[in-house]
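Q:
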Amino acid sequence: MEDHVARRTDQQAHTGPRKYMSKGRRACDLCRSRKSACQIEVAPPCRMCRAHGQQCEFTNRVVRKKRPAPHSVAEEGGNAPVWHPEVRPAQSDTEQLSWPQGLNFLSMPENNLASASPSNMQGHVFGGPGLSHTSNEQLTPGFLSGPENADQFMIDDFMLSIYEGRTLPDVYQGTGSGLNSLDYSPLTSQVCGLTGDQDPYVLRHYQYDEKSEFVFSKLAIRKVQDGPVPVQFLLSKPELSADSRSQTVLRHGPQTNETPSLSEIVPPEVAERLIELFFRFVNPQFPVLSEANRPCPRTSPTHLLAAIYSITQPFTVFDDKLSIELAYNHPSPQSLSNIAWRSLNDEIPEPTIHSLQAALIMLLQPPSNPLLLESPLKWALLGLTVSMAQTLGLYLDPTAWNLPPEEVESRKRLAWLVWAADKWCAFSLGRPSHISRNDWMIIELDIEQNHSLPDAADQSSRFYTTQFSKLTLILDSVLADLYQDFKLAITTAQPILQRLDEWHNSLPSILEIRRGNDGNNTDLPNGSASLHIAYHAVKILVFRALLRPFNQPNNPDSTTTQDHQSHADDWLAAKMRIRNGALAEVTSVLSLISSFRQEHYQAFWAPWSKTSFALVTNLLFLLSATSNRDTRTAAELSSSSSPSPSLSSPSPGMAGRDEYAECRQALERARTIFRLHAKALDMMRLALLRIDAIFWIGWERVLGFK
């Protein structure tokens, strides 16, 4: 064994890290079985085994093809020794199996335990010694926990590029015994809100370890409460927020004027074109600036100019001159963001309208890493923005004020923008809103009265702003009524769904998405696509709220006594109607996404677009995970009411299995659609990563059942 490892280590010392495993340098068993490159940096374990928490093994016999040239028996075969840098107690498969402790919704009356088949719910606990994927072989073809062989190498390489380096438990060591601290941990923690991309009612199904954690590599989910309202935190390594930290670093010495440094980064002739791109792409959807008061690269405040230059970087390809001049030497978005932050920090003691505009643009700036949602920095910036707006009196209605008409209209527009940013950021990050409807007077815009809205030749931007304003009002109702008082969710949801249908049916024809490739739409981008996705995201939030009561422990649908049988049947019928409605909604939005063309992609620049896409796969994952439980529940109800069901009609258990198959097929279809579009639309990559990580780890390891 020492000779084998010494030969591999010596080769690494001379040649450096290998990206390709030649036949002379044998791959470990796990990499060979998954047909992936066995990448050993210095010594075993390789990147794949390190990510899976196990050691490299070289025990499987290598079957080589016969060659014309003779070779020695030693090269032919035999079993290679196993690399064991540290001795671990051996555990049998049964010792690694345990009950999913976090899934307390499985609690049932004692007389139903036999029919519940607890053995079907047993699974590996994540974080145990060795994450074997051999259990995939026992799954039904078509419902494998891992991706197909054709995509295996791509997924492995993609995941390892994200989860390389030390695992999160290595960072978490030494934080104490007993209950692990959350507030004094070296890791960054963010609460998983009810409306964010990580639904707590989905996360409650994960198989947590003895520390109440589900560990990935640089991320982990920490469960702190598993009651009627589950609470989890997302833990991450500090280096994941390095970009945000670099943006907010303040200068160490006095510097009276930052404009020359900004002018050196962005020359005036380039600045003029970037401002033009802002009015072409960003301002039509989120009218922060007015045409009458366009910023000037030589006289406008530094923080406003730097924010504009930074957010317009992705759109330079649509400018004939910038697409060539900045192709290889574009301004650093990180440097521009840092300049904007430092200059804005100087204005906090005395905020102005320009300061507020700069803060709004910085709020709209998506993260540089498409695989990250948002850092806590964005939520802190939103609080600062709301505070500045309140200081400037934007929460009041200035209609009757003795101010110039254009200034009154500008104040109304900016007041609504702060209101809208608060609602959509609260939706995206899963946080309570900063602003209450009772405290803010301008919560809707009227295109007929506000002439400061940007003009457009086809008027689509003005209609977009009006319809987005109405949709934001509905979103506010969802956040306030469905995610505050859970008991009233079912009775409140129906009028909200009706308002959403009325809003969608009343959209002007100019905002409709033409799904036929007629070649007439040449304007880039088509902003209506982002408006339609926002509508579906709000609708999915409603269904997530409706599904909450049916995913609680000790639901009426698990009651089998005669007194409660009628109520249980009604409860089960209502649950199936809601689940069918949720599945129909996801099918509708997948059909919409699959019809997207190139002119639709550039409309998705707002940071909450990531969450909107992630809600689609998240809802499908929730339906798939809970349909397995619904199968058992339906079978129990059937056995208690009718011991001998008719063979002419399918049993509830069969219906549950059909629903599970339908949900899994929809989930696979969603992954395929997202993979196709994510190549051109970065906003989809986070949603794809979220669901691909589940399949990469293993369906049964995450949920505890196959």
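For the sequence shown, this note's numbering begins at 2 and goes up steadily by one. Every residue gets a Cβ at the ideal spot worked out from N, C-alpha and C, and that includes glycine. In this text the structure is predicted, and so the values were computed from the model without any measurement.
1. Taking only the alpha-carbon atoms, compute the straight-line gap between residue 387 and residue 473 and give it to the nearest angstrom.
2. Enumerate in chain order the residues of its own chain whose CB-to-CB distance from residue 311 is below 7 Å, with the five nearest sequence positions on each side excluded.
3. Under the three-state reduction of DSSP, which class applies to residue 191: helix, strand or coil?
4. For the alpha helix (DSSP H) that residue 349 lies in, which residues bound it at each end?
5. Is residue 443 helix, strand or coil by DSSP?
6. Among the candidates 668, 532, 545, whose CA atom is the shortest distance from the CA of residue 603?
7. Taking Cβ to Cβ, would you say residue 352 is nearer than 8 Å to residue 553?
8. Taking 8 Å as the cut-off, does the region 293–306 touch the region 321–335 (at least 3 CB pairs, one atom from each stretch)?
9. Report yes or no: do the region 576–591 and the region 502–518 share at least 3 C-beta pairs separated by less than 8 Å?
10. Give me, in chain order, the residues of the same chain whose beta-carbon lies closer than 6 Å to that of residue 609; leave out the 5 immediate sequence neighbours on both sides.
11. Less than 8 Å between the beta carbons of residue 395 and residue 416, yes or no?
12. Near residue 199, what residues of its chain come up, given a Cβ to Cβ distance below 6 Å and the 5 sequence neighbours on each side ignored?
13. Can you look up residue 221 in the DSSP assignment and give me helix, strand or coil?
14. Cβ of residue 283 within 8 Å of Cβ of residue 700?
15. Which first and last residues belong to the beta strand (DSSP E) in which residue 286 is found?
16. Going residue by residue through the region 470–515, where are the continuous alpha helix (DSSP H) segments of at least 4 residues, counting only ones entirely within it?
17. Look at the Cβ atom of residue 372, then the Cβ atom of residue 624, and state whether they are nearer than 8 Å.
18. Would you identify the three-state DSSP class for residue 58, choosing helix, strand or coil?
19. Where does the unbroken alpha helix (DSSP H) through residue 532 begin, and where does it stop?
20. On the DSSP bridge list, what partners appear for residue 236?
21. Where does the unbroken beta strand (DSSP E) through residue 215 begin, and where does it stop?
22. My guess is that residue 484 and residue 528 are in contact by the Cβ rule of under 8 Å, so how many angstroms apart are they, rounded?
23. For residue 512 versus residue 595, is the C-beta spacing smaller than 8 Å?
24. Under the assumption that residue 201 contacts residue 225 (Cβ atoms under 8 Å), give the Cβ distance between them as a whole number of angstroms.
25. Taking the Cβ atom as the reference point for each residue, do residue 196 and residue 431 lie within a distance shorter than 8 Å?
26. So what's residue 226 in DSSP terms, helix, strand or just coil?
27. Can you tell me the Cβ-Cβ gap for residue 671 and residue 591, rounded? I've got them flagged as a contact below 8 Å.
28. With distances taken between CB atoms, is the gap from residue 702 to residue 208 smaller than 8 Å?
29. Should residue 269 and residue 299 be called a contact, given that it needs their Cβ atoms to be closer than 8 Å?
30. Please report the distance separating the alpha-carbon of residue 439 from that of residue 423.
31. I need the DSSP call for residue 263, collapsed to helix, strand or coil.
32. Tell me the residue span of the alpha helix (DSSP H) that contains residue 201.
33. Looking at the structure shown, is residue 584 part of a helix, part of a strand, or coil, going by DSSP?
34. Thinking residue 514 and residue 613 are a contact (beta carbons under 8 Å), I'd like their distance in whole angstroms, please.
35. Return the CA-CA distance between residue 598 and residue 469, expressed in angstroms with no decimal places.
36. According to the Cβ coordinates, are residue 287 and residue 309 closer than 8 Å?
A: This is what the structure gives:
1. When rounded, the separation of the alpha-carbon atoms in residue 387 and residue 473 is 17 Å.
2. 334, 337, 338, 341, 366
3. When secondary structure is reduced to three states using DSSP, residue 191 falls in the strand class.
4. Looking at the DSSP string, residue 349 is not in any alpha helix (DSSP H), and its letter there is neither H nor E.
5. coil
6. A check of alpha carbon separations from residue 603 across 668, 532, 545 identifies 532 as the nearest.
7. In this structure, residue 352 sits away from residue 553, with a CB-CB distance that is not shorter than 8 Å.
8. Judged by Cβ distances under 8 Å, the region 321–335 makes no contact with the region 293–306, as fewer than three pairs qualify.
9. These segments do not touch.
10. 425, 429
11. yes
12. 193
13. strand
14. The answer is no: Cβ separation not under 8 Å.
15. Premise fails: residue 286 is in no beta strand (DSSP E) and is neither H nor E.
16. 490–506
17. No.
18. strand
19. Following the DSSP letters along the chain, one finds residue 532 inside the alpha helix (DSSP H) bounded by residues 529–548.
20. 190, 221
21. 214–216
22. The Cβ separation is near 28 Å, so there is no contact.
23. no
24. Residue 201 to residue 225, Cβ: 11 Å. No contact.
25. Contact annotation: residue 196 and residue 431 have beta-carbon atoms nearer than 8 Å.
26. strand
27. Correct: roughly 6 Å between the Cβ atoms.
28. yes
29. yes
30. 14 Å
31. DSSP, reduced to helix, strand and coil, places residue 263 within a helical segment of the structure shown.
32. 201–204
33. In this structure, residue 584 counts as helix in the three-state DSSP scheme.
34. Their Cβ separation, rounded to whole angstroms, is 15 Å, which puts residue 514 and residue 613 out of contact at 8 Å.
35. So the alpha carbons of these two residues sit roughly 22 Å apart.
36. Result no, Cβ atoms of residue 287 and residue 309 do not sit closer than 8 Å.
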